[in-house]
Amino acid sequence: MPTDIIMPQMGESIVEGTITKWLKKPGDKVQRDEPLFEISTDKVDAEIPAPASGVLQDIKVSEGTTVGVNTIVGTISADGEAAAPAKSAPVASAQSKAAPEKSVPEAIAQKVSAEKAGTPVPTTSPASSSESPEDGEDETRSSPLVRKIAREHGVNLSQVSGTGLGGRITKQDILAFIERAPSAVAAAPTPASAPSQQAQTSTPSRPSAPAPAAYPGDLVPLTNMRKIIAQRMIESRRTSAHVHCMYEVDFTRIVNLRARHKNGFEQRHGVRLTFMPFFVRAAIIALQQWPIINASLEGDNIRYHRQINVGIAVALDWGLIVPVLKNAGDLNFLGLQRGITDLGERARSKKLKPEDVEGSTFTVTNPGQFGAVFGLPIINQPNSAIMGVGGITKQPLVITDKDGNDSIAIRSVVHLTLGYDHRLIDGAVADQFMAQVKKNLETFSEEVG
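If you want this note's numbering, it's the position in the sequence shown, counting the first as 1, plus 4.
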């Protein structure tokens, strides 16, 4: 008998989910616990594993559709059983209609992410039949945007060397190939583009420009995650009286400390040594001294939290999420690094659970990884404060020695910003807290393992 694929309940308070992507097509073989489709809820985005091994017989709920928990969204037949074409055909048609609506915002997110971070466009693998590879192109080696550019310029992707992870072809790879070999990539007319080309025969021909991710004037729907982010940011602005203060920190001590220990740290513990646990550790020590920063307003009362649960903002290609490092005050430095790495990896691979994004009492965000000098972050409700970490740069600073003599030296500098709720936290308290964070970083002497 076929096995039903059920929309899971991702937490007690979650009653529905949106299918954002099918990772398999009807007729594809699947293995039990293999990622089958992706969903988005008001808590997390997650990959849902196959409940059984066999063949994906049909898809009952197309991409972009929101359904209640325990809804049957598809079926898996046992190995050897034929998939039902009558059932899968309408779904494939619905998917091909839904795919363009989804591919446009995905392409926009890819372009914006690449332009901001200066990194290759991330690869996605649509399950829609409208995005199937053409002319032997390997769908796992390139993104929809890359394949679109290749089709418009008549490029066979097998001739392009990929520089992405696993040899994947990035947007930069295809554009560089087109620029190097213009004669080999003359654009072939497609049925959709033929009328416009005929209308332009009277104008001088010009080299084709790279296809943009979206055209001016396009109207694209918000993703489910983008809707939730928009709602929560507006709610936070309306709820908290936002005030920000910024501190300049001489980060040279920690930069040198990390340089000395990063190779040995990774060899001993199997995890990379990053700068984030230094910031989190410095904040935890200060939170223990200034517990009001770790508190929350509940009506006319103040909730002083027993534990320090640090939210770590993670930038994703499709949005932003804040998984929570629980009981962070009880962890040593190695525990902080392992916890931060684990949360980041599971956020990017859509393996977070609803409880992983709940219960934060203080948040740290790091816009500096993209080159920002500093940021003015919005408070993550119901927290009362959020610390933003700027980029680490080398700057000339005045250094005073123990005898009071001043000199100018090149130092590694980072700017930290505290966004706090002025309803609960006074400016003097916020400044004292940040002064302590600054001191903790500039005099850091803990064993990093």
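Glycine is no exception: its CB is placed at the ideal position from the N, C-alpha and C atoms.
Residue 314 holds the alpha-carbon nearest to the alpha-carbon of residue 391 among 232, 314, 450 and 416.
Pairwise C-beta distances place the region 237–252 out of contact with the region 260–276, as fewer than three of them are shorter than 8 Å. DSSP places residue 54 outside both helix and strand once states are collapsed to three, so it counts as coil.
One Cα belongs to residue 52, the other to residue 158, and the distance between them is close to 37 Å. Linking residue 67 to residue 299 through their CA atoms gives a straight-line distance of about 41 Å. DSSP, reduced to helix, strand and coil, places residue 366 within a strand of the structure shown. Annotated as proximal: residue 433 and residue 294, with beta-carbon spacing under 8 Å.
Under the DSSP assignment, residue 399 falls outside any alpha helix (DSSP H), being part of the beta strand (DSSP E) whose first and last residues are 397–404. Using a Cβ distance threshold of 8 Å, residue 258 and residue 374 do not count as a contacting pair.
The residue among 262, 241 and 77 with its C-alpha nearest the C-alpha of residue 25 is 77. Taking 8 Å as the cut-off, the Cβ atoms of residue 364 and residue 336 do not count as close. Contact between residue 419 and residue 378 holds, with the beta-carbon distance rounding to 4 Å and staying under 8 Å. The beta-bridge partner set that DSSP reports for residue 26 consists of 41. Here the alpha carbon of residue 40 sits roughly 40 Å from the alpha carbon of residue 262. Looking at 366, 327 and 415, the one whose alpha-carbon comes closest to that of residue 351 is 327.
The beta carbons of residue 47 and residue 18 sit about 6 Å from each other, so the pair counts as a contact at 8 Å. For residue 384, the CB contacts under 6 Å within the same chain, skipping 5 residues up- and downstream, are 315, 326, 367 and 390 in chain order.
Close CB contacts of residue 438 within its chain, under the 7 Å cut and outside five residues either way in sequence, are with 249, 251, 420 and 422 (chain order). In this structure, the straight-line span from the alpha carbon of residue 297 to that of residue 271 is close to 36 Å. Just measuring C-alpha positions, the residue of 81, 36, 238 and 281 sitting nearest residue 340 is 281. Under DSSP, residue 300 shares a beta bridge with 307. The closest CA to that of residue 397, considering only 410, 45, 429 and 414, is found on 414.
For residue 425, the enclosing beta strand (DSSP E) begins and ends at 410–425.
Around the beta carbon of residue 404, fewer than 16 other beta carbons lie within 10 angstroms, which makes this residue exposed.
Under the DSSP assignment, residue 344 falls in the alpha helix (DSSP H) whose first and last residues are 337–352. A direct Cα-Cα distance of roughly 47 Å separates residue 177 from residue 440. Between the C-alpha atoms of residue 319 and residue 287 there is a straight-line separation of about 21 Å. The beta carbon of residue 28 is closer than 7 Å to those of 34, 40, 60 and 131 in its chain, skipping five residues each way along the sequence. Per DSSP, reduced to three states, the secondary structure at residue 441 is helical. About 24 Å separates the beta carbon of residue 45 from that of residue 62, a gap too long to meet the 8 Å contact definition. Counting along the chain, residue 244 sits inside no alpha helix (DSSP H), nor does DSSP assign it H or E at all.
Within a 10 Å sphere around the beta-carbon of residue 182 sit 16 or more other beta-carbons, which makes this residue buried. Sixteen is the threshold: since fewer than 16 other Cβ atoms of the shown chains lie within 10 Å of the Cβ of residue 38, the residue is exposed.
Checking the DSSP bridge columns, you'll see residue 278 has no partner listed.
Between residue 338 and the set 311, 394, 73 and 451, the nearest pair of CA atoms involves 451. Residues of the same chain with a CB within less than 7 Å of the CB of residue 54, apart from the 5 flanking positions on each side, are 34, 35, 36, 37, 38, 40 and 80 in chain order.
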